[in-house]
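K.L.:
Residue numbers (the working numbering): 1 to 223.
Spelled out as structure tokens, the structure:
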């Protein structure tokens, strides 16, 4: 698998937030709240079968009910139903996924089985997946905050483009300490591959590196 569909994650025109919520203490609430308040310009589609409206946006019972096909789905539902959501996304043509849900191979045999199910569906549909058990992705220049972090990565004043991808562990905490009180952009060109190699949470890291250089070239041409 090459670089195809990585733009669905880093340059999405529309996003489904599966597990979006009105409960302020929930991850689903924080994901949607962050996306709205980052100023993301694309279409946002909360998905929750129990709600008609969430944080001012029309909500859909499933990804398949969304008119058109979102580029990216951010999944924040219990681990046991994540494979079903991945299947739903794949059959609906949603090819970029960020799975923030925890409860996979890090908890043992059952979690590993669930993660293997996800991997099978990833291969079946040609999906690009970040996760599971991840914080998400930030790209400040694109006004994309697809995380439940309490702070946005800072975008520098030097016309640089940035992206921020982290896992929920001490490495992520270290990254946040670097960001605090510092004016800098965490660049997709430099930061994401290092994090992903360290954590091994992206399917197809070599193609992500290729995509990184293609994005760097487009940045140069833009500037």
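Positions of the beta carbon are idealized from the N, C-alpha and C atoms, including for glycine. In this text, all values refer to a predicted model and were calculated from it rather than measured experimentally.
For residue 67, does the three-state DSSP call read helix, strand or coil?
P.N.:
coil
K.L.:
State the beta-bridge partners of residue 57 as determined by DSSP.
P.N.:
Under DSSP, the beta-bridge partners assigned to residue 57 are 54.
K.L.:
By how many angstroms is the C-alpha of residue 112 removed from the C-alpha of residue 97?
P.N.:
19 Å
K.L.:
DSSP three-state call for residue 85: helix, strand or coil?
P.N.:
helix
K.L.:
Are the beta-carbon atoms belonging to residue 70 and residue 118 less than 9 Å from one another?
P.N.:
no
K.L.:
Using only alpha-carbon positions, find the residue among 10, 79, 72, 20 that is nearest to residue 56.
P.N.:
20
K.L.:
Using the Cα positions of residue 84 and residue 126, report the straight-line distance between them to the nearest angstrom.
P.N.:
16 Å
K.L.:
If you measure between the beta carbons of residue 31 and residue 47, is that distance less than 9 Å?
P.N.:
no
K.L.:
Tell me the residue span of the beta strand (DSSP E) that contains residue 47.
P.N.:
43-47
K.L.:
Quick one: residues in its chain with C-beta nearer than 6 Å to the C-beta of residue 132, no 5 flanking neighbours on either side, listed in chain order?
P.N.:
99, 101, 104
K.L.:
What is the DSSP secondary structure of residue 150, counted as helix, strand or coil?
P.N.:
coil
K.L.:
Taking the alpha carbon of residue 40 as the point to measure from, which residue in 143, 139, 54, 34 has its own alpha carbon closest?
P.N.:
The shortest C-alpha separation from residue 40 is found at 143.
K.L.:
Relative to the alpha-carbon of residue 79, which residue among 27, 122, 114 has its alpha-carbon at the smallest distance?
P.N.:
114
K.L.:
Using C-beta distances below 7 Å, list every residue in its chain close to residue 108, excluding the 5 sequence neighbours before and after it, in chain order.
P.N.:
none
K.L.:
Which complete beta strand (DSSP E) runs does the region 122-150 hold, if anything under 3 residues is left out?
P.N.:
128-130, 134-139, 144-147
K.L.:
Going by C-alpha to C-alpha distance, which of 95, 123, 136 sits closest to residue 5?
P.N.:
95
K.L.:
When burial is assigned at 16 or more other CB atoms within 10 Å of the CB, is residue 150 buried or exposed?
P.N.:
exposed
K.L.:
With a Cβ-Cβ cutoff of 9 Å, do residue 34 and residue 147 count as a contact?
P.N.:
yes
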